[in-house]
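Single-structure report; data block below.
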């Protein structure tokens, strides 16, 4: 049994996240993203690796999308409508609501502005979304009889989820993108401490440790304020959803406090509409925003208004949110072309830009000229501010999550190769967990241990419940028991209950664990008792002692534990009384020599676990060693024991052989 | 699903404190109590957040079935699929207790001198219609269409009153009903082109309306579709934007007085007609035969209206489905397929139990303890791999069975027992401790000879069980007595004893 991982995207890179996991006969696709940096067939995951024949319905059990970013959902309409996957698709409520906006926005940008051939149509998006089953957080969803999935809050963007999947005993978590610290509108990722075979985690910031984000927020606000105060225009290229709302909350709040009147624009109807979604989905935001929502919904922005194309070249300062985020085309590129040549203006860039986008070019160094294509270029004189707050977790967050979940294996995806290598080393050396970071289209087989399902009888369980008590008692059975050992055993017993029983395995049935006492009845057989026996001679020196007898008995009684001393000796046989006295003397001798306080005395025998001793008066006792020269001064003690106490018995016999009892 | 309660209530602090102790759950979210009991809630459809439970302990699997609605208009419907496969169903839908005779809408015709006698034939027809036997179909649209019909009938009565110049007072009962009525009434007003204001007067109205518009996960599929197509979940958002619906915390707000106009429609607590803004409003309208009061089933109208005599206002009492209808209990149980159903004694007379059920019934009543038999013979457990590797199975001679001693840790996690290898390796001995069957003395003697022990067999017939003695003379002396049920090895020399014991172990089944 094992888990097979096929990384179709985001292997040693950021973009087109897509991992196909096979376990227990089920096959799950996590995310179905597109790569923003490519326009050729590298844009989509290579779905042919899932099924050569293209019968994806047979090849996959379900598709689960973690969040609405295009590098996680961008290829989904293509996969369902063009490639023809018709099986179940799961995503959270916000993702189902917001993903079509992202997809349609992207499609428009590609087709309208770049004039490209479209990979999927608007109808494709709508048809695709109809097939989606929405998920709520923490809800256990039974995809089929054997596969269950569960979504956990991931922060990052509205509706982002980490996905837990379980087939039989195999369990994995695929994190998608997540954020371990809360931001302006979202809470921090939150997951139960699950027992996992495998954790597949993003690693965008595999080596970065971030400081407080408030300082970075202040820096951003100062830059924006300075620009508009100087009469400049601020272009904030963002994705329509997520970062836009977070920055809006930040700016709206700042405008209110500073009493600023400069207009804040949203580029298209899209983002305004997005705000309405955010209002309905406020249950997925941070606790603070949820708590205040009944008074005022945070997403009712006071200072934000829609933008009209004619305002691009209007005079005066303003702040504009425009899509797409990395200035890879579309409206943000259009505005960038107009505003970049003026040194008054400011362009903010997101924390991460995919290679090949203008955002990426602006980030690398300080270019003064950017080539758009062969013939056109833009002079860049404006200021550039890079937003250094990101909705991704940093290295510490990744390490914290891995340590918290302590899975048996970790796979890193969604990161840069050299950094992933460093993080892998840390995870293996610091946490002792096997870690891998496969490249795209690589297949990884992870072996898992399989638990066996068995039945356990009630009697066995009942016995275990009282086992702790017995443990403490039994632990003193060993002859050479010392007090330190004793406490150790008690401690052990408290931590876990030990279980002892017999496992019954029949060919076609579930194995059954039973208590030892149940075995014979279960098998329908009678016990055959096996015992060792030996009639042990012990030297006795007889003294006149009548006056002492009471005293001796009395003093022995003090050292007895749980001793059953018969009280009415008067009617007893004289011989029996003598035997009892002998047993008492033997007991006291054994106790002193073995330092064992657990020897019990029954009416006619001493007992230590299965070792029994009684006085033997049968001269023809078959357990006696037939030897001559047995004097008057020898008393025979007939001992018998079960094989399990053989060692104990032999030690006791040795001691007895050396004894000289005085009575 | 915590919403703050009425402010100013002397027990607000208590309520808040109580709410803090509550662990909120989503539908389908697992919660584990004490490591052994796992509970999950699934929507029952009665109201927002209302649920049925599955409770799985080590010994039992239980479905707690409360009042459930298959296709409610606002909320997530009865999720019966998630309740399948449990042994025991505690049937606790008592809705048919209250309204067994009239499970469906009927107009309350109050024959009292002080009250009006409504002889409107349309009311009669509605009540007749609702009593038509509904086809034996559990999850069809029959219930929904029935409910829609009731609502549209109500709307037509409301329109009639408004057109006649009377106001309509709707005391607030179930939230779902209020929201549905609000939507249907505003649609009707629209289609009749009536410009009548709708007021909602309640200290919690504002918060409640805002709240229901932010919980798509708890709503019906149709409502959720609104989210996905970018519309508000309920149309009250739109109604307020266009000033058709006005919300006030109390009747004494000056804004309400400024806006006041009659006829109007008012939603307000409390359905008991004893507290809340309905009291002054009813004092205002009780003698107006043009006005209309809408009450839900379950209120004794005569008693409720006693303080407001003389009563001339029209009263329409309606009952909306509030649980599984009696004739659907059987089909529901057939789907859930339990082994045993705990059924309320009070409903026994109407209990539809048939002979051919695959389950049996036990009847419970209030304050009476009931012993419920368990269906579980054995517990389920997981044997962890590390412990499996330590097992040394032994095949038994006669049966097709292998057995092995097992020694490990046992612990309980998420309602399941786990057996794992001990943290500190335990001493494991190969010695068998338990034997069964009997020993053939000649075989034993041969086995002993293979081990270099020389001896002779002595049969002893006089004992009741024929005892046989084997005397070992070389290399050490030993005596073995063996009978059908017992073997005693007597030998001073430890090594010889061990050899004999080994020989015995090979001849006799044991563990």
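Residue numbers (UniProt numbering), protein chains in the order written: chain E, 1 to 663; chain V, 1 to 511. We treat Cβ as the ideally placed atom computed from N, Cα and C, and that holds for glycine.
Please return the same chain residues whose Cβ sits closer than 6 Å to the Cβ of residue i, not counting the five positions on each side in sequence.
i: residue 535 (chain E); result: 616, 621, 623, 624, 636 and 638
i: residue 419 (chain E); result: 206 and 207
i: residue 258 (chain E); result: none
i: residue 409 (chain V); result: 420 and 422
i: residue 97 (chain E); result: 277
i: residue 239 (chain E); result: 325
i: residue 414 (chain V); result: 32
i: residue 20 (chain V); result: none
Checking 8 Å against the spacing of the C-beta atoms, do residue i and residue j come in under that value?
i: residue 313 (chain E); j: residue 235 (chain E); result: no
i: residue 383 (chain V); j: residue 167 (chain E); result: no
i: residue 453 (chain V); j: residue 439 (chain V); result: no
i: residue 46 (chain V); j: residue 503 (chain E); result: no
i: residue 171 (chain V); j: residue 273 (chain V); result: yes
i: residue 196 (chain E); j: residue 438 (chain E); result: no
i: residue 75 (chain E); j: residue 33 (chain E); result: yes
i: residue 49 (chain E); j: residue 517 (chain E); result: no
i: residue 65 (chain E); j: residue 31 (chain E); result: yes
i: residue 588 (chain E); j: residue 612 (chain E); result: no
i: residue 265 (chain V); j: residue 159 (chain V); result: no
i: residue 75 (chain V); j: residue 220 (chain V); result: yes
i: residue 431 (chain E); j: residue 398 (chain E); result: no
For residue i, I'd like the list of residues in its chain whose CB is within less than 8 Å of its CB, leaving aside the five on either flank, ordered along the chain.
i: residue 340 (chain V); result: 87, 88, 89, 359, 360, 361, 362, 372, 373 and 375
i: residue 357 (chain E); result: 36, 37, 326, 327 and 328
i: residue 379 (chain V); result: 58, 59 and 417
i: residue 318 (chain E); result: 228, 233, 234, 262, 263, 264, 265 and 311
i: residue 245 (chain E); result: 158, 185, 274, 275, 278 and 299
i: residue 421 (chain E); result: 437
i: residue 379 (chain E); result: 340, 341, 368 and 369
For residue i, go through chain B and note every residue whose CB falls closer than 7 Å to its CB, in chain order.
i: residue 384 (chain V); result: Chain labels in this structure do not include chain B; the protein chains are E and V.
Is residue i helix, strand or coil by DSSP?
i: residue 167 (chain E); result: strand
i: residue 352 (chain E); result: coil
i: residue 441 (chain V); result: helix
i: residue 545 (chain E); result: Note that residue 545 (chain E) has pLDDT 47, beneath the 50 cutoff, so the model's placement of it is unreliable and the number below is only indicative. It is coil, neither helix nor strand.
i: residue 460 (chain V); result: strand
i: residue 506 (chain V); result: helix
i: residue 222 (chain V); result: helix
i: residue 105 (chain E); result: helix
i: residue 273 (chain E); result: helix
i: residue 73 (chain E); result: helix
Using C-beta distances below 7 Å, list every residue in its chain close to residue i, excluding the 5 sequence neighbours before and after it, in chain order.
i: residue 280 (chain V); result: 251
i: residue 633 (chain E); result: 539, 540 and 541
i: residue 26 (chain E); result: 61, 146, 147 and 167
Cβ pair count under 8 Å reaching 3, the region 257-269 of chain E against the region 298-316 of chain E: yes
If contact means a Cβ-Cβ distance below 8 Å, which residues of the UniProt domain "Beta-Casp" (244-362) of chain E contact chain V? 273, 276, 277, 279, 280, 281, 282, 283, 293, 294 and 297
Contact residues within the UniProt domain "Beta-Casp" (178-299) of chain V, judged by C-beta distance below 8 Å to chain E: 206, 207, 210, 211, 213, 214, 215, 216, 217, 224, 227, 228, 230, 232 and 233
Could you run through the region 521-533 of chain E and flag, in chain order, every residue whose CB is less than 8 Å away from some CB of chain V? 523, 525, 526, 527, 528, 529, 530, 531, 532 and 533
With a cut-off of 8 Å, do at least 3 Cβ pairs link the region 134-151 of chain E to the region 22-42 of chain V? yes
Got a sec: which bits of the region 27-42 of chain V sit with their beta carbon under 8 Å from any beta carbon on chain E, in order along the chain? 27, 28, 29, 30 and 40
For the structure I just gave you, are there three or more beta carbon pairs, one from the region 94-109 of chain E and one from the region 117-133 of chain E, closer than 8 Å? yes
The region 396-406 of chain E touching the region 352-368 of chain E, judged by at least three CB pairs closer than 8 Å: no
Using Cβ-Cβ distances below 7 Å, what residues of the region 608-629 of chain E are close to chain V? 622, 623 and 625
Give the residues from the region 125-141 of chain E that approach chain V closer than 8 Å (Cβ to any Cβ), ordered along the chain. 129, 134, 136, 137, 138, 139, 140 and 141
Given 8 Å, three or more beta-carbon pairs between the region 372-389 of chain E and the region 163-179 of chain E: no
According to a CB-to-CB cut-off of less than 9 Å, which residues of the region 61-90 of chain V neighbour chain E? 81 and 82
Chain V contacts from the region 87-98 of chain E (Cβ-Cβ distance under 7 Å): 93, 96 and 97
Near-chain E residues of the region 438-451 of chain V - C-beta to any C-beta below 9 Å: 438 and 439
Going along the region 391-406 of chain V in order, which residues come within less than 9 Å of chain E, judged by CB to CB distance? 391, 393, 396, 398, 399, 400, 401, 402, 403, 404, 405 and 406
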